[in-house]
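Colleague: Residue numbers (this note's numbering): 114 to 221.
Got a structure for you, questions after.
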């Protein structure tokens, strides 16, 4: 157990590689970039939600004067990504969503 802690202490928190690898100049590392459509959709949803929250806060008045006990737009919000098969997604998009429905597509 002690050996594991010693090894973990030498792991860089930024890149995740051990200093025995990063300190050797003969080692070469390739930087690879991947994009995930789901993560892109979540990021887009977050930006849209943050813009709506800023607008709602602005409508509440001067933010410094709003009592801390007053509910804010994002209080209690949890964003989850739920996998749905093609059949379910196709059926949901065929019918218009109900007013107030939280179900949104993360694609596009």
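Glycine residues also receive a C-beta, built at the ideal position from the N, C-alpha and C atoms.
Compare the C-alpha of residue 163 against each of 117, 131, 201 and 188 and name the closest.
Modeller: Of the listed residues, the one whose Cα sits closest to residue 163 is 188.
Colleague: Using 8 Å as the threshold, is the segment 128-137 in touch with the segment 169-177, meaning 3 or more CB pairs across them?
Modeller: Result no; under three Cβ-Cβ pairs closer than 8 Å.
Colleague: With DSSP run on the structure shown, which of helix, strand or coil describes residue 206?
Modeller: Helix, per DSSP.
Colleague: What residue range is occupied by the uninterrupted alpha helix (DSSP H) comprising residue 164?
Modeller: Residues 150-172.
Colleague: So, with DSSP's three-state summary, where would you put residue 123?
Modeller: Here residue 123 sits in coil by DSSP.
Colleague: Just the C-alpha distance for residue 117 and residue 127, rounded to the nearest angstrom, thanks.
Modeller: If I take the Cα positions, the gap works out to 19 Å.
Colleague: Using beta-carbon positions only, say whether residue 183 and residue 166 come within less than 9 Å of one another.
Modeller: No, they are not a contact pair.
Colleague: Assuming residue 135 and residue 125 form a contact by the criterion Cβ under 8 Å, report the distance between their Cβ atoms to the nearest whole angstrom.
Modeller: Confirmed, about 6 Å.
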